[in-house]
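Taking it in order: structure first as structure tokens, then the write-up.
Numbering (mature numbering (1 follows the signal peptide of the UniProt record, and there is no 0)), first residue to last: -23 to -1, 1 to 199.
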């Protein structure tokens, strides 16, 4: 199949989601490998929630289809031709939305250990990659996962849990900062607790083979 033909499947799925409501379901085995890859990608960035044989639409799927976001997604799938074609009609809207997008940058840590960094710069992606597994990189967002392997590797390089938590709190997204109003931490408690468990696992006592010599008080030492 040609490159444009391979893009039709994911594009149809994207258009289907434009009419989706919260809880709408997609069969996990729909379409070919391109569609499957696109479904997994949408699950990675939180638009769909995998559940066995189906994917459920999340609130993020509804937010995705605001006018400017929908155009950006279609442009990224179809390529630069759509970008040039839609520039005149959407240019003013995109420019007007730019200040709002800049104000909405930051990092959100979820209780499922997913980390969403809304940023267009490479700095946060590089820093997150030092202690997270990077799942997806988009022009204005990085999706990562806190995992034992990457966290322990960071600790071996001298990065402690306090450093990680302080960084995630200091660069928090405005939506994550709202948690403090309800008395909740910016970094979910279960995530911080698990990080501490991983850190403490490095301090456990190690065992090694040894030989024990014993003798009584009346026996001379050799």
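Just so you know, even glycine gets a beta-carbon here, dropped at the ideal spot from N, CA and C.
Could you have a look at residue i and say whether DSSP puts it in helix, strand or coil?
i: residue 143; result: helix
i: residue 123; result: coil
i: residue 151; result: helix
i: residue 162; result: coil
i: residue 138; result: helix
i: residue 28; result: strand
i: residue 128; result: helix
i: residue 187; result: coil
i: residue 195; result: coil
Terminal residues of the continuous beta strand (DSSP E) containing residue i?
i: residue 110; result: 110 to 115
i: residue 174; result: From DSSP, residue 174 is part of no beta strand (DSSP E) but of the alpha helix (DSSP H) over 166 to 178.
i: residue 99; result: Residue 99 -> not in any beta strand (DSSP E); alpha helix (DSSP H) instead, spanning 99 to 106.
i: residue 20; result: Taken as a continuous stretch (DSSP letters only), residue 20 belongs to no beta strand (DSSP E), being part of the alpha helix (DSSP H) at 10 to 21.
i: residue 83; result: 83 to 86
Please name the residue, chosen from the options, that lies closest to residue i on a Cα-to-Cα basis.
i: residue 108; options: 153, 114, 188 and 121; result: 121
i: residue 169; options: 18, 92 and 97; result: 92
i: residue 90; options: 157, 145 and 14; result: 145
i: residue 161; options: 148, 86 and 98; result: 86
i: residue 112; options: 155, 22 and 99; result: 22
i: residue 139; options: 174, 119 and 115; result: 174
i: residue 15; options: 148, -13 and 94; result: -13
i: residue 94; options: 81, 118, 17 and -16; result: 118
i: residue 124; options: 186, 148 and 110; result: 110
i: residue 10; options: 116, -17, 192 and 157; result: -17
Could you round the C-beta distance between residue i and residue j to whole angstroms and report it? I think they count as a contact, below 8 Å.
i: residue -9; j: residue 34; result: About 14 Å; that fails the 8 Å criterion.
i: residue 172; j: residue 141; result: 6 Å
i: residue 153; j: residue 98; result: That belief does not hold up - the Cβ atoms of residue 153 and residue 98 are roughly 18 Å apart, past 8 Å.
i: residue -15; j: residue 12; result: 4 Å
Under 7 Å, Cβ to Cβ, is there at least one residue of chain C near residue i?
i: residue 170; result: The structure shown has no chain C; it contains just one protein chain.
Open item on the list: Contact between the stretch 122 to 136 and the stretch 174 to 182 is defined here as three or more beta-carbon pairs at a separation below 8 Å; is this criterion met?
Closed with: Put simply, the stretch 122 to 136 touches the stretch 174 to 182. At least three CB pairs are less than 8 Å apart.
- [ ] Could you tell me whether the stretch 155 to 166 touches the stretch 91 to 103, where touching means 3 or more Cβ pairs closer than 8 Å?
- [x] Taking a cut-off of 8 Å on C-beta distances, the stretch 155 to 166 does not touch the stretch 91 to 103, as fewer than three cross pairs fall below it.
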